[in-house]
Structures are given as structure tokens and as C-alpha cells.
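Enquirer:
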Amino acid sequence: MKSRDFSFSKVLSPTQHEVVMKKAPQKNRIVFRMGKRIYLRPLTAGDAPQLTIWINDEEVHQFLKVSAPVSPEEELKYVESLTGRKGTDISFGIVLEKTNELIGVMALHKIDRLNGTATTGSFIGRKDLWSKGYGTEA
């Protein structure tokens, strides 16, 4: 995977973010790593509504450490807290390259830079895209 340049000029509301990300030209996307069919980007507040639906879906979270329902407010707070935890936790949105659609999440938790270890977690929230290799690519 290779990095791409990015630029943005202002913080968008969740609705504006959704519209822009679906129609964004490649030069305006924030891309951390690029794959053949997907790219990884930072999660944003605009992702919280979709993440809330996925994280509360029993089939999606069956292998994750989710022990109770997550409210939209809790998910938004979690996403907003990610910036302050980059030393120990990093989460990325998994996005379809062709459509800029968020389809899942890839994360590193409990990052130990001294020993070079971390715990990984990921999920593809779009069930129609399960077993198509997107999680492996991420």
C-alpha cells in the first residue's frame, strides 16, 4: 500500500461529510494507506451514525469485545477520543476506493512501541461485502 497526498479546508457536519466522501475526487480524500480496492483513512465524527448501526448488529460484533448496546452519543464520543489516543490506539475507516464508501473499521489497540506489539481488530460492517477479501486487504 502507498500513501497519497490529501488536503481539506474545514471541518464538516456529519451530513456534509457523508456527501463529500461519497463524491470526493481522489485528490481531496484523506488516505493513510491505499490498497487495490480499498483505502484506510481516519474515522471522523460523520462516521459515527453508521458505526453505531454496525457495532450494535449482533452478526457484525460477534467477535468483537462489545458487551452492551452502544448509543449514538457513545459512539461519537469514542470516535472523537481517537485523536488523543494515537500513542496507544489507532483506528481507520476501511473505504471502497471506487465509491469512497465506508465499509468497515481496522484498528490497532494496546500499541507497545518498545516491544513492537499491538492487538488488532477489524470488521466489515457491510454484510453484502463479507467473504470478498476486503478485511484481508485492509
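Counting along the sequence shown from 1, when you hit position 39 you're at 64 in my numbering, and nothing is skipped either side.
Built from N, CA and C at the ideal position, the CB exists for glycine as well.
1. DSSP on K48, reduced to helix/strand/coil?
2. Spell out the partners DSSP gives H134 in its beta bridges.
3. Can you check which of these residues, F57, L133, L127, is closest to I78 by C-alpha distance?
4. Quick check: what's the CA-CA separation for P74 versus I149?
5. What three-state label does DSSP hand I55 in the structure shown?
6. Measure the Cβ-Cβ separation of L89 and M131 and say whether it is below 8 Å.
7. Could you have a look at L15 and say whether DSSP puts it in helix, strand or coil?
Expert: Reading from the atomic positions:
1. For the purposes of this step, residue 48 is taken as the residue at position 23 of the sequence shown. Summary for K48: the model assigns pLDDT 45, below 50, so the residue's position carries little reliability, and this model does not support an answer.
2. Along the sequence shown, read from residue 1 onward, the residue named residue 134 stands at position 109. Per the DSSP secondary-structure output, H134 pairs in a beta bridge with T144.
3. Indexing the sequence shown from 1 puts residue 78 at position 53. Nearest C-alpha to I78: L127.
4. As a first step, residue 74 must be located in the sequence shown, where it is residue number 49. As a first step, residue 149 must be located in the sequence shown, where it is residue number 124. Rounded to whole angstroms, P74 to I149 spans 15 Å at the Cα level.
5. Here residue 55 refers to the residue found at position 30 of the sequence shown. Three-state DSSP puts I55 in coil, outside helix and strand.
6. Along the sequence shown, one-based indexing puts residue 89 at 64. Along the sequence shown, one-based indexing puts residue 131 at 106. 8 Å or more divides the Cβ of L89 from the Cβ of M131.
7. Residue 15 falls outside the range modelled here, since the chain spans only 26 to 163, and no answer is possible.
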